[in-house]
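Peer 1:
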Amino acid sequence: MGNIKIDYSKTLNFIRKEDIFGFQSEVKKHIEALYNKSGKGNDFLGWVNLPTSISFDEIKDIQTTADNLKKNCEIVVVVGIGGSYLGSKAVIDALSDNFAQLKERKNPLVVFAGQNISEDYMTELRAMLHTRNWGVVAISKSGTTTEPAIAFRILKTDLEKKYGKTAAAQRIVAITDASKGALRTLATQEGYKTFIIPDDVGGRFSVLTPVGLLPIAIAGFDIAQLVKGAVDMEKLTGANIPFEENPAAIYAATRNALLRIGKGIEIMVNYNPKLHYVAEWWKQLYGESEGKEGKGIFPASVDFTSDLHSMGQYIQEGQRNLFETVLSVKQPDTQLVIEKDAGNLDGLNFLAGKRMDEVNKMAELGTIIAHVDGGVPNIRIELPLLNEYFLGQLIYFYEIGCGISGYILDVNPFDQPGVEAYKKNMFALLEKPGFEAETKAIKARL
Ligand code: PA5
3 MGNIKIDYSK TLNFIRKEDI FGFQSEVKKH IEALYNKSGK GNDFLGWVNL
53 PTSISFDEIK DIQTTADNLK KNCEIVVVVG IGGSYLGSKA VIDALSDNFA
103 QLKERKNPLV VFAGQNISED YMTELRAMLH TRNWGVVAIS KSGTTTEPAI
153 AFRILKTDLE KKYGKTAAAQ RIVAITDASK GALRTLATQE GYKTFIIPDD
203 VGGRFSVLTP VGLLPIAIAG FDIAQLVKGA VDMEKLTGAN IPFEENPAAI
253 YAATRNALLR IGKGIEIMVN YNPKLHYVAE WWKQLYGESE GKEGKGIFPA
303 SVDFTSDLHS MGQYIQEGQR NLFETVLSVK QPDTQLVIEK DAGNLDGLNF
353 LAGKRMDEVN KMAELGTIIA HVDGGVPNIR IELPLLNEYF LGQLIYFYEI
403 GCGISGYILD VNPFDQPGVE AYKKNMFALL EKPGFEAETK AIKARL
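Just add 2 to the spot in the sequence shown (first one is 1) and you have this note's numbering.
Have a look at this one:
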């Protein structure tokens, strides 16, 4: 079946192989620090052994809970933001039919709420749910995040009006801290089925806990295979694996070697719209983990070939502070051959007999070469297939790569102190009790 592969050869016009391999001993030290829990942020390293420590009983409990919701719900609303949202959204989108919403379905449609505070979004969601059978999975590690808390307050009330308080409680699952936070208090009081987010697993590293696994199972995907992929990647990226055979070590070292020559922006590129949210998840993972103390590589993303007609110009000829990481799927699930046309008015008969994917792959190759010629180094990550197993590999690969890379940058990759600044101002502007001094200070600036 193979494994995901990394190719750094198209960075070698810009950096030397020695620049990448120069990180070898440092990377080994960092992997050991992640495993020994001796580095920065060591109280948040529960994710390192998560794949190999998930038990069969835990997966069964998640699957049973998903099956119960599936019996009663056409739609399940997953309420969460950041790490309590992006991982499951990424996997579900990557595995779903692009037009699943319009097709007959065996499994509930999973939709999301609490990932924004848009009144339009919430109003339209409620209107759509009004005539459907639905349930809620409320996810918040802290249990106090404003966006999901508002969404859950509204949806809980709607659900109780529709089904009555007791029946509504059967349609709600809460995933939160073992003992702290408003969501835990509410879940205990209302008797919701709950799952715990381990204390030592931060939000953006939580996709392989019930946070990611429950929504993915509800959408009908194989969470045991996802975990198996992650288990295998955990083994392939361990401290005992030689540097050149460890894809996460190579990734972390290459992107840091590029940063040191001024390439401070990494653009994650895909050629399949199903991967759009994988890049969104990756942006949170790397952005929140590395962007602190004035350091870090700025994570950006594009969807090609669509964005070649918008961002392509900048990438080809704009400021030369970029590098790209292409996420490519070797083998699509489908078979679509372009046919010959008698009139050939569009001039495309030279493509007749070729698969559409071959055209896409040549667009990818042509773009990589053009961008390298234009001064943009390229890393390429290849997934043999887009399925649960390889997505599991990919998730763990990015997570461990992020831990190593954060340690190379000498930051704590597992905190996010900067996220608080907007919250403080928002609460001050909304005159939250306890924020009187901040309210006064911010109003003086308006
Ligand atoms: O990575 C993180 O820890 C954060 O981005 C959180 O995922 C996000 O803020 C949501 O937090 P919570 O799950 O506590 O509601």
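Beta carbons: idealized from backbone N, C-alpha and C, even for Gly.
(1) Answer with buried or exposed for Ala129, where buried requires no fewer than 16 other C-beta atoms within 10 angstroms of its C-beta.
(2) List, from N- to C-terminal side, the beta strand (DSSP E) runs of 3 residues or more that fit wholly inside the stretch 76-164.
(3) Classify Gln395 as buried or exposed, calling it buried when 16 or more other Cβ atoms lie within 10 Å of its own Cβ.
(4) Can you tell me whether Ala255 is helix, strand or coil according to DSSP?
(5) Nearer than 7 Å: is that true of the beta carbon of Gln286 relative to any heavy atom of the ligand PA5?
(6) So Leu387 is in the beta strand (DSSP E); what residue range does that whole segment cover?
(7) Return the Cβ separation of Val280 and Ala151 in integer angstroms, given the expectation that the two are a contact with Cβ distance under 8 Å.
(8) Go ahead and pull the three-state DSSP assignment for Asn272.
(9) What's the gap between the Cα of Gly231 and the Cα of Ala184?
(10) Hey, would you say the C-beta of Pro150 is under 7 Å away from at least one heavy atom of the ligand PA5?
(11) Who does Val233 pair with in a DSSP beta bridge?
(12) If Ala254 and Val29 are in contact, beta carbons under 8 Å, what's the gap, nearest whole angstrom?
(13) Among Leu367, Lys426, Gly298, whose alpha-carbon lies nearest the alpha-carbon of Tyr409?
(14) If we ignore side chains and look at the alpha-carbon of each, how far apart do Ser57 and Asp9 end up?
(15) Are Gly376 and Gly204 close, meaning C-beta to C-beta below 8 Å?
(16) Spatial neighbours of Thr256 within its chain, please: CB distance less than 7 Å, with the 5 preceding and 5 following residues excluded, ordered by chain position.
(17) Out of curiosity, what's the CA-to-CA distance linking Lys72 and Gly137?
(18) Identify, in the order they occur along the chain, each residue of the same chain with its Cβ nearer than 6 Å to the Cβ of Cys75, setting aside the five sequence neighbours on each side.
(19) Report the residue from Ile263, Leu277, Met235 whose alpha carbon sits nearest the alpha carbon of Val378.
Peer 2: Walking through what the data contain:
(1) Residue numbering aside, residue 129 sits at position 127 when the sequence shown is read from its first letter. Result: exposed.
(2) Contiguous beta strand (DSSP E) elements confined to the stretch 76-164 occur at 77-81, 111-115, 136-142, taking only those with 3 or more residues.
(3) Translated into the one-based positions of the sequence shown, residue 395 becomes position 393. Buried, since its Cβ has 16 or more Cβ neighbours within 10 Å.
(4) Counted from its first residue, the sequence shown places residue 255 at position 253. Three-state DSSP puts Ala255 in a helix.
(5) By one-based count along the sequence shown, residue 286 stands at place 284. The answer is yes for Gln286.
(6) Within the sequence shown, the letter at position 385 stands for residue 387. From DSSP, the beta strand (DSSP E) with Leu387 extends over 380-387.
(7) By 1-based counting over the sequence shown, the position of residue 280 is 278. By 1-based counting over the sequence shown, the position of residue 151 is 149. Contact doesn't hold; Cβ gap of about 27 Å is too wide.
(8) Here the question's residue 272 lines up with position 270 in the sequence shown. Note: Asn272 maps to strand in three-state DSSP.
(9) By one-based count along the sequence shown, residue 231 stands at place 229. By one-based count along the sequence shown, residue 184 stands at place 182. Straight-line Cα distance between these residues: approximately 34 Å.
(10) Along the sequence shown, read from residue 1 onward, the residue named residue 150 stands at position 148. True, at least one ligand heavy atom lies under 7 Å from that Cβ.
(11) Stepping through the sequence shown from its first residue, residue 233 is reached at position 231. DSSP lists no partner for Val233.
(12) Taking the first residue of the sequence shown as position 1, residue 254 is located at position 252. Taking the first residue of the sequence shown as position 1, residue 29 is located at position 27. Contact flag correct, Cβ pair sits at about 6 Å.
(13) For the purposes of this step, residue 409 is taken as the residue at position 407 of the sequence shown. Of Leu367, Lys426, Gly298, the residue nearest in Cα terms is Gly298.
(14) Indexing the sequence shown from 1 puts residue 57 at position 55. Indexing the sequence shown from 1 puts residue 9 at position 7. For Ser57 and Asp9, the distance between alpha carbons rounds to 34 Å.
(15) On the sequence shown, residue 376 is found 374 positions in, with the first residue counted as 1. On the sequence shown, residue 204 is found 202 positions in, with the first residue counted as 1. Taking the C-beta atoms as reference points, Gly204 is found no nearer than 8 Å to Gly376.
(16) The sequence position of residue 256 within the sequence shown is 254, counting from 1. Around Thr256: Tyr10, Thr13, Ile22, Ile381.
(17) To locate residue 72, count along the sequence shown from 1; it is residue 70. To locate residue 137, count along the sequence shown from 1; it is residue 135. If you take the alpha carbons of Lys72 and Gly137, they lie about 9 Å apart.
(18) As a working mapping, residue 75 is identified with position 73 in the sequence shown. Once the five neighbours on either side are set aside, the close Cβ partners of Cys75 are Pro110, Asn135, Trp136, Gly137.
(19) Residue 378 sits at position 376 when you count from the first residue of the sequence shown. Checked all of Ile263, Leu277, Met235; the closest Cα to Val378 is Ile263.
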